[in-house]
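Undergrad: Start counting the sequence shown at 2; every next residue gets the next number (my numbering).
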Amino acid sequence: MSPEVRADGWNHNSHYHPVLLSAVPRPCALALDVGCGLGSFARRLARVADHVEAIDRDGEVLARARESSVGFRNLRFVESDFLTFESADHYDFVSFVATLHHLPFAEAMTRAKNLVRPGGVIAVLGLDRATSWIDEGRRSVLAYPVSIFHRLTRRVAPVGAPIAEPAMTLEEIRREALAVVPDATIERHLLWRYSLLWTKPGR
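1. Quick test of your reading: Val-25 and Ala-66, contact by CB under 8 Å. State the CB separation rounded to the nearest angstrom.
2. Would you decide whether Ala-107 is buried or exposed? Buried here means 16 or more other CB atoms lie within 10 Å of its CB.
3. Ordered along the chain, which non-local residues of its own chain (more than five positions away) have a Cβ less than 7 Å from that of Phe-86?
4. Between Pro-119 and the rest of its own chain, which residues show a CB-CB distance below 7 Å, the 5 nearest in sequence each way excluded?
5. Could you spell out the range, first to last residue, of the alpha helix (DSSP H) harbouring Ile-174?
6. Compare the beta carbon distance of Val-95 and Val-117 with 8 Å and say whether it is the shorter of the two.
7. Might you give, ordered along the chain, the residues of its own chain that have their beta carbon closer than 7 Å to the beta carbon of Val-182, omitting 5 neighbours on each side?
8. Report, in whole angstroms, the separation of the C-beta atoms of His-103 and Ala-165, which I expect to be a contact under 8 Å.
9. Excluding the 5 residues flanking Val-157 on each side, which residues of the same chain have their C-beta closer than 7 Å to its C-beta?
10. Relative to the C-alpha of Ala-89, which residue among Leu-179, Leu-76, Glu-54 and Thr-132 is closest?
11. How big is the Cα-Cα spacing for Pro-19 and Thr-100?
12. Relative to the C-alpha of Leu-39, which residue among Leu-171, Leu-76 and Asp-136 is closest?
13. Which parts of the segment 20-54 are runs of the alpha helix (DSSP H), unbroken and 4 residues or longer, counting only runs that do not cross its ends?
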């Protein structure tokens, strides 16, 4: 287990941080983490990117994130709503960790697409709604034992930010995503999460 995970603790989101980190372009001059919460992923991202901007609209959560990030000189926290966030820069990497279901999906993906430079990557770790109680049961039958095992063997990290239930199924997410970012790779993961990775064409 990495030092960052040991320091921040484990939860369903941090379990999949490596999936997103593996998609960070090398080199990565500037990255944006949307809805950063307590900054757990932003701190890990700051170890592979030259500069990271981490935004969240909750000022109290950001204050706690800053307290936990002393020593990360290349990490800047900004209080802002993503849809009105103003940036003169384009990013090599834009991430959403359990954030996208809090936003209008197509609008947020379009804004991310416009903010990422050619050759840059959008990386999403998201939540989706089960299509039925049968689907929910099928997903949970393996996920619950795995989740319980990790909770018993690791220090659990609080999410520390507002929680919302996802409104879109994975099929709806796939359809809306591919309309905005064709050729995105979308995969379902065990612990009630999915990932979406997309590289903007050109350089």
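C-beta atoms are modelled at their ideal positions from N, C-alpha and C, and glycine is treated no differently.
TA: Considering the structure as presented:
1. So it is not a contact: roughly 20 Å between Cβ atoms.
2. exposed
3. Ile-56
4. Lys-201, Pro-202, Gly-203 and Arg-204
5. 171-181
6. yes
7. Met-110, Lys-114, Ile-123 and Trp-199
8. 5 Å
9. Gly-10, Trp-11 and Asn-12
10. Glu-54
11. 17 Å
12. Leu-76
13. 41-46
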